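Below is one structure; the comments refer to it alone.
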Amino acid sequence: MNSPTPLTLEIPGLTLQALAWGPEDGTPVLAVHGWLDNAASFEPIAAHLGGFRLVAIDLPGHGHSDHRPPGTPYHFVVWVVDVAAAADALGWEQFSLLGHSMGAGITSLLAGTIPGRIRRLALIEGLGPLACAHGDAPERLAIAIKRRASREKRGPRSHATLEAAVERLLQVNPALPHDAAKLIVTRGTRDAEGGGVTWRTDPRLRGFSPMRITEEHVTAFLERIACPTLLIRGREGYPFDPRGIGIRIDQVRDMTVEEFPGGHHIHMEDPTRVGELLRSFLSGPAPPPWKGVASSPQRYGVTVTELAALKSVRMLILDVDGVLTPGARVHYGPNGNDQLEFSIRDGMGIKLLQRAGVEVALLSGRDAPAVRARARDLGIEHLMLGVEQKVPRLRAFAEEQGLSLSQIAYMGDDLNDIPVLGVVGFGAAPRDAQPEVRRACHWVAGASGGRGAVRELAELIIKFQGKWEEALAYYQR
Numbered sequence: 248m249n250s251p252t253p254l255t256l257e258i259p260g261l262t263l264q265a266l267a268w269g270p271e272d273g274t275p276v277l278a279v280h281g282w283l284d285n286a287a288s289f290e291p292i293a294a295h296l297g298g299f300r301l302v303a304i305d306l307p308g309h310g311h312s313d314h315r316p317p318g319t320p321y322h323f324v325v326w327v328v329d330v331a332a333a334a335d336a337l338g339w340e341q342f343s344l345l346g347h348s349m350g351a352g353i354t355s356l357l358a359g360t361i362p363g364r365i366r367r368l369a370l371i372e373g374l375g376p377l378a379c380a381h382g383d384a385p386e387r388l389a390i391a392i393k394r395r396a397s398r399e400k401r402g403p404r405s406h407a408t409l410e411a412a413v414e415r416l417l418q419v420n421p422a423l424p425h426d427a428a429k430l431i432v433t434r435g436t437r438d439a440e441g442g443g444v445t446w447r448t449d450p451r452l453r454g455f456s457p458m459r460i461t462e463e464h465v466t467a468f469l470e471r472i473a474c475p476t477l478l479i480r481g482r483e484g485y486p487f488d489p490r491g492i493g494i495r496i497d498q499v500r501d502m503t504v505e506e507f508p509g510g511h512h513i514h515m516e517d518p519t520r521v522g523e524l525l526r527s528f529l530s531g532p533a534p535p536p537w538k539g540v541a542s543s544p545q546r547y548g549v550t551v552t553e554l555a556a557l558k559s560v561r562m563l564i565l566d567v568d569g570v571l572t573p574g575a576r577v578h579y580g581p582n583g584n585d586q587l588e589f590s591i592r593d594g595m596g597i598k599l600l601q602r603a604g605v606e607v608a609l610l611s612g613r614d615a616p617a618v619r620a621r622a623r624d625l626g627i628e629h630l631m632l633g634v635e636q637k638v639p640r641l642r643a644f645a646e647e648q649g650l651s652l653s654q655i656a657y658m659g660d661d662l663n664d665i666p667v668l669g670v671v672g673f674g675a676a677p678r679d680a681q682p683e684v685r686r687a688c689h690w691v692a693g694a695s696g697g698r699g700a701v702r703e704l705a706e707l708i709i710k711f712q713g714k715w716e717e718a719l720a721y722y723q724r
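Be aware that the sequence shown starts at 248, since it is given in my numbering, and climbs by one per residue.
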């Protein structure tokens with residue numbers, strides 16, 4: 248691949264500088280670097296991404312881009328807005344994202360913010376930003392205020408030569424190849440008055456972050472990521488908390504994780520291996536326009552075209568445990584009989600569907616008196632209970648009812664539901680479904696099983712079929 252082309256991008260209030268590789272009509276990929284790095288950090292892998300239009304920006308305060316005005320802090324979420332503005336400045340409606348470290352945190356949030364615009368998401372050594380408990384926020388802000396004055400007065404560090412600056416970077420990142428460190432340093436420094444070089448990076452970036460979002464915030468963004476996602480990790484890279492990163496990985500429905508020897512800058516340490524992996528991943532197809540949308544339009548403003556398959560739905564089939572009831576709870580009475588808990592709101596959703604002309608059926612491995620009693624109360628006539636092999640029973644039922652499988656929506660939550668989700672026209676899951684189930688379906692509710700997930704799906708179907716006003720009118724009468 249040829250040498251990069253410098254680009255200037257005007258976004259509201261700032262000018263960003265960027266490097267671009269590949270043909271202008273190539274598949275667009277927007278790359279975002281890590282903390283105190285710059286766009287040059289992507290040069291080693293750019294040679295392996297032929298056919299793509301790879302544009303790597305310098306974030307505000309980094310590289311050749313503008314610094315934020317004095318008194319304006321570097322809040323993490325504002326970088327998300329900056330990257331979206333960079334895509335707009337490039338004229339890209341749909342594109343893929345590539346992020347390293349802090350850039351991976353930024354692109355994770357952006358992919359969850361505008362899921363309909365992101366084709367694919369590739370992350371290197373990061374998934375979401377650093378978070379803090381809500382109770383720690385006041386103390387964190389107090390510390391930032393206390394330290395602000397000294398940080399505002401501090402100027403950029405200088406080095407006698409460019410090579411001295413390279414050596415300094417290698418002290419902090421000893422796994423970096425010398426040539427890779429030199430790429431970052433060359434773009435990240437300028438000539439200093441009186442000789443030597445000084446860093447272009449805004450010194451305020453080294454300050455104490457005044458505010459971080461909570462882990463609950465991070466989860467909300469990750470659950471909304473609709474595109475295929477690849478996470479590349481170096482075995483000697485950033486020491487992520489295994490449990491914490493595992494929980495985050497589980498929130499992304501279509502996630503692939505690749506790990507091999509290397510450090511935090513693995514894309515610069517092993518550019519051939521990482522570049523070829525990225526080329527293969529980024530060359531894959533974009534998700535269908537409505538597949539993988541992370542939650543309901545009444546909660547997140549998803550457009551109607553993204554869930555157009557719902558218009559064909561004539562039958563909603565529900566699993567019981569973990570869908571109509573809370574997944575982890577089964578109560579037994581003194582005589583050994585099941586005592587199940589159902590949601591009143593889910594019941595209302597089922598009645599709304601029935602009045603809108605969409606029938607409801609149950610398909611479950613459980614056959615209990617409590618289930619039959621609840622179905623009787625809700626007027627659910629089609630009961631397929633005590634079923635071990637769900638797909639054959641579903642196919643036979645669809646034929647009995649004169650329905651094609653594309654006219655059936657199904658909500659399930661556990662591994663035995665995955666085969667069903669693969670054959671119906673629209674597959675859904677509660678928020679607390681197994682990760683494999685969430686990845687296998689088209690849509691995930693914002694509520695958990697037995698806590699309103701069915702109600703969300705019911706309203707979704709009714710609204711997409713244009714019957715919501717009619718449903719409201721019934722109760723107004």
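The beta-carbon is built from N, C-alpha and C at its ideal position, and this holds for glycine as well. As the structure is a prediction and not an experimental result, all values here were calculated from the model.
Can you check DSSP and say which residues form a bridge with residue i?
i: Y657; result: I564 and G674
i: G346; result: V279 and L370
i: Q229; result: Summary: the structure shown does not reach residue 229, with the chain confined to residues 248 through 724, and so no result is reported for it.
i: E703; result: Answer is none; E703 lacks a bridge partner.
i: S590; result: Note: S590 sits in no beta bridge, so no partner.
i: S611; result: L632
i: H381; result: Note: H381 sits in no beta bridge, so no partner.
i: F507; result: G481
i: H406; result: V444
i: E606; result: M562
i: T572; result: D568
i: T274; result: F299
Within 10 angstroms of its Cβ, does residue i collect 16 or more other Cβ (buried), or is it exposed?
i: M199; result: For residue 199 there is no data in the structure shown, the boundaries of the chain being 248 and 724.
i: S527; result: exposed
i: Q498; result: buried
i: K558; result: exposed
i: R686; result: buried
i: H425; result: exposed
i: T572; result: buried
i: P270; result: exposed
i: P639; result: exposed
i: Y657; result: buried
i: P421; result: exposed
i: P244; result: Since the displayed the chain opens at 248 and closes at 724, residue 244 lies outside it and no answer follows.
i: G604; result: exposed
i: S250; result: exposed
In three-state DSSP terms, what is residue i?
i: T448; result: coil
i: Q723; result: helix
i: A358; result: helix
i: V638; result: helix
i: L729; result: Not covered by the structure: residue 729. The range shown for the chain is 248 to 724.
i: D438; result: strand
i: M502; result: strand
i: H514; result: helix
i: T476; result: strand
i: A303; result: strand
i: V465; result: helix
i: I460; result: coil
i: W326; result: helix
i: I365; result: strand
i: Q648; result: helix
Whole angstroms are fine: how far does the CA of residue j sit from the CA of residue i?
i: P253; j: A303; result: 10 angstroms
i: A676; j: I708; result: 14 angstroms
i: L276; j: L301; result: Note that residue 276 corresponds to Val in the displayed sequence, not to Leu. Rounded to the nearest angstrom, the two C-alpha atoms are 5 angstroms apart.
i: R447; j: V413; result: 14 angstroms
i: R619; j: K637; result: 18 angstroms
i: L610; j: S695; result: 19 angstroms
i: G531; j: A380; result: 37 angstroms
i: L652; j: V670; result: 7 angstroms
i: P508; j: L368; result: 22 angstroms
i: W715; j: N663; result: 32 angstroms
i: R437; j: L423; result: 21 angstroms
i: A615; j: D593; result: 19 angstroms
i: P518; j: K429; result: 15 angstroms
i: A331; j: Y722; result: 43 angstroms
i: A541; j: G454; result: Because the pLDDT at A541 is just 37, under 50, the model does not fix this residue reliably, and the value given afterwards should be weighed accordingly. Those two C-alpha atoms are separated by around 35 angstroms.
i: L529; j: H295; result: 12 angstroms
i: G548; j: R678; result: In this prediction, G548 scores a pLDDT of 34, lower than 50, which makes its location untrustworthy; no coordinate-derived value is stated.
i: M349; j: I390; result: 22 angstroms
i: H406; j: G441; result: 11 angstroms
### Query
Would you call the segment 472-492 and the segment 251-269 in contact, with 3 or more CB pairs under 8 angstroms?
no
### Message
Count Cβ pairs between the segment 473-490 and the segment 309-327 that sit closer than 8 angstroms; are there 3 or more?
### Response
no
### Task
Report yes or no: do three or more beta-carbon pairs, one from the segment 584-604 and one from the segment 697-708, lie closer than 8 angstroms?
yes
### the segment 351-368 contacting the segment 452-471, beta-carbon criterion three pairs below 8 angstroms
yes
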